[in-house]
RNA sequence: GUGGCUAUGGUGUAAUGGCAGCACGAAAGAUUGUGGUUCUUUUAGUACGGGUUCGAAUCCCGUUAGCCACCCCA
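Residue numbers (my numbering): 403 to 830.
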């Protein structure tokens, strides 16, 4: 492996069934997002650095050390989509055109983390944002939507975890109480939590250290609703949302210790995890960010959204999906027939048949092997004698039956014998 | 970003510091016009750069990459 180029650390190539699955997940997601009334937007990979510093939060790891910055300019590769969508929304003064919008986006995000399974430096998000309503029905729609997408790609093994951080006031009040309380118990907390306590106190809540957990439990007092810390209105919204999820038979786990790392989250937060994934087990997450638009210089408009990690979905699914197979592999019995073979393949493709042929000058036997390897339903064999009589041979690769068909009747034969739409074609 | 583990043909794996082997895959053939089974042949490797040693896949150092945990997050 000398003098070879290799991929950049933390980036991955998708091929074979992974590439197929990657495309399938994206296509199915788009279909469902559109059916929920979300409009696709395609945004650039490059943004101003300040957008994320302001939007995601100065103290977050993402902003502090994970952004890929273009040397000498205030430009970064986007680390996440929400702040970007809000930038797009404000830049185009959409708040003046309509009071409510629903968007979705798909594409690569970049964070300079140390790679491990399920954690890449270039990874792909499927995200949705609904801007302009504080209705708990919208929270429910967002949750329902993210679960529907996972259903559609066949991901059944998952957990939905929910919490509410409350409005900005509630959140600040809660952080104040938490900080005051934990400062007193500081000596029992781990080293990391000492740092968290100053930088991002909410993070202490999801520390995995056993002693820290004990301290937090004694502070929280309650297990289900964080009612002690939410104002009546936020608590009402939270209760209503949960009631609605019950009505919709959506299963969830309430976890008062669920916090999201990005500064902009308020009120409802949720996370979808998979048991298959190890430490990086969140395949999707989201929540409300009622303060973000204002903090980015816009009016005070509420919003809610989520993002799914495509690579993590693929990991959770395993690579069991079937790749599309070929309808017909064209085989020629001699080099002199290559041109006829090439022309027939072209005719087949124009008629919508998935067809291919050998380009390496293989023997008849070699071509037949290739037909099998490509999982062709039929081999269309072009022989000297048959062609002289104006016909070709169709060999069914499953039952080995062979039929002579007139050269002019090839497309008719396909029409009768190939099951269109069953496989080999996009099912979306 | 921190700590730990790992790195042998395309893939999966062997080799007390002493000839790098096996399986699968791939290519060609056994059958002068036909795939799957079988058989034959061919194919290709010690991640990279140093060091110790008569001799290194094996020991040491560095680099790179992957994995695990932390951290963080989707």
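For glycine and all other residues, C-beta sits at the position ideal for the given N, C-alpha and C.
Which whole runs of the beta strand (DSSP E) in the stretch 718-803 are 3 residues long or more, in chain order?
730-734, 757-759, 780-784 and 793-798
For residue 527, I'd like the list of residues in its chain whose CB is within less than 6 angstroms of its CB, leaving aside the five on either flank, ordered along the chain.
483, 511 and 709
Grouping DSSP H, G and I as helix and E and B as strand, with all else coil, what is residue 686?
strand
Which whole-angstrom value is the C-beta distance of residue 652 and residue 728, which I expect to be below 8 angstroms?
Rounded, the Cβ-Cβ distance is 41 angstroms, inconsistent with contact.
Below 8 angstroms on the Cβ atoms is my contact criterion, and I expect residue 540 with residue 530 to pass it. Report the Cβ-Cβ distance as a whole number of Å.
Contact doesn't hold; Cβ gap of about 11 angstroms is too wide.
Limits of the alpha helix (DSSP H) - the one that residue 504 falls within
That residue, residue 504, is in no alpha helix (DSSP H); its beta strand (DSSP E) goes 503-512.
Is the beta carbon of residue 608 closer than 7 angstroms to that of residue 661?
yes
Have a look at residue 572 and residue 417 and give me their C-alpha separation to the nearest angstrom.
48 angstroms
Mind listing, in chain order, the continuous alpha helix (DSSP H) runs of no fewer than 4 residues lying wholly within the stretch 509-558?
538-554
Kindly indicate the opening and closing residues of the beta strand (DSSP E) around residue 711.
705-711
For residue 626, the three-state DSSP class (helix, strand or coil)
The predicted position of residue 626 is uncertain, since its pLDDT is 48 and thus under 50; no value can be drawn from it.
Determine the contact status of residue 837 and residue 535, defining contact as a CB-CB distance below 7 angstroms.
Here the chain has residues from 403 to 830 only, and residue 837 is not among them.
Please work out which residues of its chain come closer than 7 angstroms, Cβ to Cβ, to residue 736, disregarding the five sequence neighbours upstream and downstream, and give them in chain order.
786
For residue 789 and residue 809, what's the separation of their Cα atoms in angstroms?
8 angstroms
Might you give, ordered along the chain, the residues of its own chain that have their beta carbon closer than 8 angstroms to the beta carbon of residue 816, omitting 5 neighbours on each side?
729, 730, 750, 753 and 755
Have a look at 793, 505 and 760 and flag the residue whose alpha-carbon is nearest the alpha-carbon of residue 441.
505
Helix, strand or coil for residue 381? Go by DSSP, reduced to three states.
There is simply no residue 381 to check, as the chain begins at 403 and stops at 830 in what is shown.
Between the CA atoms of residue 820 and residue 814 - distance to the nearest angstrom
10 angstroms
Could you give the residue range of the beta strand (DSSP E) that holds residue 570?
Note, residue 570: premise wrong, no beta strand (DSSP E); alpha helix (DSSP H) at 570-586.
Once DSSP output is grouped into helix, strand and coil, what is the label at residue 451?
helix
Leaving aside the five residues before and after residue 513 along the sequence, list all residues of the same chain whose C-beta is less than 7 angstroms from its C-beta, in chain order.
464, 468, 481 and 523
Which one of 720, 765, 712 and 718 has the shortest CA to CA distance from residue 738?
765
Using the three-state DSSP reduction, which class does residue 478 fall into: helix, strand or coil?
strand
Can you give me the C-alpha to C-alpha distance between residue 783 and residue 775, rounded to a whole angstrom?
16 angstroms
Report the CB separation of residue 477 from residue 448 in whole angstroms; it is logged as a contact under 8 angstroms.
5 angstroms
Please state if the CB of residue 494 and the CB of residue 701 are separated by a distance shorter than 7 angstroms.
no
Residue from 695, 806 and 436 with nearest C-alpha to residue 457:
695
CB residue 772 to CB residue 732, shorter than 7 angstroms?
no
Could you round the C-beta distance between residue 602 and residue 461 to whole angstroms and report it? I think they count as a contact, below 8 angstroms.
6 angstroms
Residues near residue 617 by beta carbon distance below 8 angstroms, same chain, minus five either side:
584, 587, 590 and 591
Put residue 610 into one of helix, strand or coil per three-state DSSP.
coil
Can you find the residues in the same chain that come closer than 6 angstroms, C-beta to C-beta, to residue 803, ignoring five residues on each side of it along the sequence?
none
Spatial distance of residue 800 from residue 486 (CA atoms)
52 angstroms
Taking only the alpha-carbon atoms, compute the straight-line gap between residue 437 and residue 668 and give it to the nearest angstrom.
27 angstroms
Measuring alpha carbon to alpha carbon, tell me which residue in 538, 422 and 658 is nearest residue 635.
538
Quick one: grab the DSSP three-state call for residue 484.
helix
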